[in-house]
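Chains A and B are the protein sequences, given in the same order. Each number in the working numbering comes from the position in the first sequence (counting from 1) with 909 added on. Each number in the working numbering comes from the position in the second sequence (counting from 1) with 238 added on. A short write-up of the structure that comes next.
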Amino acid sequence: MLVGEIKQTDEELKEAAGAGNLKALTRPTILGMLAAREAAADAGLLENMEGTGFISANTVGGMGHTEQYCLDYLDVEKEGDFMEYIGTHNCGDSTERIADYLNIKEYVTTINTACSSSANAIMLGARLIKNGIVQRVIAGGTDSLTRFTLNGFNSLMILSKEQCKPFDENRMGLNLGEGAGFVVLESEEAAKQRGAKVYSELRGFANTCDAYHQTASSPEGYGASNAMNKALKSAGLTADDIDYVNLHGTATKMNDLSEGNAIETVFGDQVPDVSSTKGFTGHTLGAAGGIEAVFSNLSISENILFPNLNFTEQMEELNFSPLSDVKEGAEVNNVLSNSFGFGGNNSALLFSKV
Amino acid sequence: MDVYIKGLGNISPQNTADNSQFLEEIVEYNQNNLQVIHPIYKDHISPIRLRRMSRMIKMGIAAASICLDDAGLTDPGAIITGTGFGCTGDTEKFLLAMIANAEQHLTPTAFMQSTHNTISGQIAIMLNCNNYNSTYVNRGTSFEAAFQDAMMLIEEGEANDALIGGFDECTDNHYIITSRLGYWKERDIKNTDLYTAGSKGSISGEGASFFAISKDSGNNSYAKIKAVSHFYKPDGFKDVEKRILSFLEANGHSPGSVDLVVNGLNGDEEGDRVYHQLMSGMLKNCTHTRYKHLCGEYDVSSAFALWLASKILKTQTVPKSVRVENAPEGQIKTVLVYNHFNFSYQGLFLLESC
């Protein structure tokens, strides 16, 4: 099975996080510690977390250990080292451990809207700041590979045996991945006050629901186009202002057709550069929106667009194709990042150069 | 901005699904695992949908339907849920099948329904509602975070009304695992003796409680919600007291202006100490109530507490079964709901009569 696996073991990652002495850390927790700490350090916040909230997202919590030990947990006579993990199944567990690791107490929560989870975490962060509830947040998500999700997606027959080919006529499904992606958000005022480095402005966002099917997206991509249009509207921009769209682009037959139709609904025949970066990472589920928000911000700050790997053949139903080579020196002012999930949860984030 | 509660739907271990009743008779249990009393589901869900639904989904969809009918709401501006463990039964079903079948020949239904946002997504499909849709999964403050999100959306002008729900189910396996975590009393007690058992741990519960809120008071509101807040790992009792005080003051109140408190007492000697300190200290002049002998302890039990507070304000009656001491004198104008889960997760609601 081809997956986007992080090669280091849990122990190696724990060492890297300086958390070798901590107990009961699940893989999403450790991945999240590393990514959230990197985001906080990049923003110059590590020394003082006061006024900072933490909003994380994931889809299956500590399932990696649950699937390994659940029969042991259920055998009440049995004792052993596995008992360390018995309380880690909950989706809030990694959030709690990461918040404690970073010494965050201000505001802590966790979102699970399946594969759009961390886009919604970032959106919530912006809204909490806007509503004066926190000054700044670290927001994103983390998920690790589990047999549960591998078998789940396999039972839906949407896993590809080959490298995923988003937006390709011959796409065969998705590759699962793992990882964590976080961004630091703060109000313009607070950022200016402390002279913070600014990657972009989160200028618009939207959360809509396809309301079509529990796991499939509507063929015409209503929820997806609705999310992009609403994000544009909330930013006060129009479709022609967008320089690049980081697609959800899972490489399933259904997602790419639905999202492709939605792109044409929003952009007509003036489709900007678009790519799915899932060829690099696999589909990291609850972390995808966070990881792709980081890519989108790097596109803006480094003037670089990342290609859609493995694209060779144009999809018959669409009139546009994704960017298949890296594009350097691009003028990237406005980026849309799409994240869609089971349950019809469609979200879009719009990042703008400042 | 104040919002108004327009509808309730509560499926719990008591007879709460019928909105015309209000705890006239209490159901007594002699084991430490309280399970919901199922309503007649076909009265609330179409038979075709019902056939495919798991226990948790039935509970959630029926509670949502009862609530929407009560409020006369058909297209909520947002659907937001909070849950500790999501669709636990579906998760277990897929997980145990995966282990038993050595990862072969798995059908996807339980996997598809295992995601925590299944119920919010299913409600959207049922209503064909494309609006904002999200799910919070942050242990003991999942419901508070969901409610706060809805109130922010109304404040932002993004929605005029919303459907909010808290749900969790306790399966046999979940009960075994949480027992091993030391959550429950070792000896079976009668639920009505919860507060006098004087030992470690609580009794397990479950439920699905939904609320329709609107920015317009209209006729027949249950209550006005002034504010909701949640906080994480306070520094001991003094910090809790300080936070409750500043929560009240930020909303134009003081301990003296609160008529009644719904306390999250759960029978655990250690965890209940903070409630007792408040009841005999800062909040000593309020009428005190408690509810966990009725619904048990679970991550979103504060949704049951909010239901209780709403019914008390609307009916101006305090059922004998929830009173700590005497019946209040005069009108009940202001209610504070205070609950914590393992002390780490703390939630507050402030309500006023309409």
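Quick reminder that beta carbons are idealized off the backbone N, C-alpha and C, glycines included.
(message) By the three-class DSSP mapping on this structure, what secondary structure does B:S447 have?
(response) Reduced to three states, the DSSP call for B:S447 is strand.
(message) Using only CA atoms, which one of A:A926, A:A925, A:G1253 and A:P1216 lies nearest to A:F1076?
(response) Of the candidates A:A926, A:A925, A:G1253 and A:P1216, the one whose C-alpha sits nearest the C-alpha of A:F1076 is A:P1216.
(request) Would you identify the three-state DSSP class for A:N1012, choosing helix, strand or coil? (result) coil
(request) Say whether the region 541-551 of chain B touches the region 433-450 of chain B, bearing in mind that this needs 3 or more beta-carbon pairs closer than 8 Å, one atom from each stretch. (result) yes
(request) Report buried or exposed for A:P1128, applying the criterion of at least 16 other Cβ atoms within 10 angstroms of its Cβ. (result) exposed
(request) Using the DSSP secondary-structure output, state which residues sit across from A:A1089 in a beta bridge. (result) A:T1051
(message) Taking 8 Å as the cut-off, does the region 416-431 of chain B touch the region 1248-1261 of chain A (at least 3 CB pairs, one atom from each stretch)?
(response) By the Cβ rule, the region 1248-1261 of chain A does not count as touching the region 416-431 of chain B, because fewer than three pairs are nearer than 8 Å.
(message) Can you pull out the residues from the region 520-546 of chain B whose beta carbon lies closer than 9 Å to at least one beta carbon of chain A?
(response) Interface annotation for the region 520-546 of chain B against chain A: D537, criterion Cβ-Cβ distance under 9 Å.
(request) Grab the span of the alpha helix (DSSP H) containing B:L486 for me, first residue to last. (result) G474 to A488
(message) Please tell me whether A:S1064 has its Cβ less than 9 Å away from any Cβ of chain B.
(response) It does: the Cβ of A:S1064 has a partner Cβ on chain B nearer than 9 Å.
(message) Taking beta-carbon pairs under 7 Å, can you tell me which members of the region 1134-1155 of chain A lie near chain B?
(response) Listed in sequence order: N1135.
(message) If contacts are defined as beta-carbon pairs under 8 Å, then A:G1050 and A:D1002 qualify, I think. What distance do you get, rounded to the angstrom?
(response) Contact doesn't hold; Cβ gap of about 14 Å is too wide.
(request) Taking C-beta pairs closer than 8 Å, name the residues in chain B that A:V912 reaches, listed in chain order. (result) Within 8 Å Cβ-Cβ: nothing; A:V912 doesn't reach chain B, min ~14 Å.
(request) Measuring alpha carbon to alpha carbon, tell me which of B:R290, B:G359 and B:S582 ends up nearest A:T1117. (result) B:G359
(request) Mind checking which residues open and close the alpha helix (DSSP H) that includes B:Y513? (result) E507 to S518
(message) Please tell me whether B:Y576 and A:V1017 are closer than 9 Å, where the distance is taken between their beta carbons.
(response) no
(request) State yes or no: is the beta carbon of A:F1091 nearer than 9 Å to at least one beta carbon in chain B? (result) no
(message) Which residues in chain A have a C-beta closer than 8 Å to the C-beta of B:T312? List them in chain order.
(response) Those within 8 Å of B:T312 in chain A number zero; the least Cβ separation is about 13 Å.
(message) Taking 9 Å as the threshold (beta carbon to beta carbon), is B:H468 in contact with chain A?
(response) yes
(message) Taking DSSP's pairing of strands, which residues face A:N1243 in a bridge?
(response) A:S1261
(request) Going by DSSP, name the residue or residues bridged to A:D1182. (result) A:Y1153
(request) Consult DSSP for B:Y470 and reduce its assignment to one of helix, strand or coil. (result) strand
(request) Taking only the alpha-carbon atoms, compute the straight-line gap between A:L1054 and B:P472 and give it to the nearest angstrom. (result) 33 Å
(request) Using a cut-off of 8 Å between C-beta atoms, extract the partners of A:Y982 located in chain B. (result) I414, I415 and R418
(message) Taking a contact to mean a Cβ-Cβ separation below 9 Å, would you say B:V274 touches B:I249 in this structure?
(response) yes
(request) Check whether the region 1156-1163 of chain A touches the region 1066-1081 of chain A, counting contact only when three or more Cβ pairs, one atom from each stretch, lie closer than 8 Å. (result) Yes: the two stretches touch, three or more of their Cβ pairs being nearer than 8 Å.
(request) Check A:N1254 in the structure and name its three-state DSSP category. (result) Strand, per DSSP.
(message) Taking the alpha-carbon of A:M1224 as reference, which of A:S1261, A:S1246, A:V1235 and A:S1167 has the nearest alpha-carbon?
(response) A:S1167
(message) Just checking: is the beta-carbon of A:Y1016 within a distance shorter than 9 Å of some beta-carbon in chain B?
(response) A:Y1016 belongs to the set of residues whose beta carbon lies under 9 Å from a beta carbon in chain B.
(request) Would you kindly check if the distance between the Cβ of B:F475 and the Cβ of B:V512 is under 9 Å? (result) yes
(request) Please go through the same chain and pick out, in chain order, the residues whose beta-carbon is closer than 7 Å to the beta-carbon of B:C524, but skip the five residues on each side of it. (result) V496, D497, L498 and V499
(request) Give every residue of the same chain whose Cβ lies closer than 7 Å to the Cβ of B:R481, excluding the five residues on either side of it in the sequence, and list them in chain order. (result) F469 and P472
(message) If contact is defined by three or more beta carbon pairs under 8 Å, each pair taking one atom from either stretch, is the region 1203-1217 of chain A in contact with the region 1127-1145 of chain A?
(response) no
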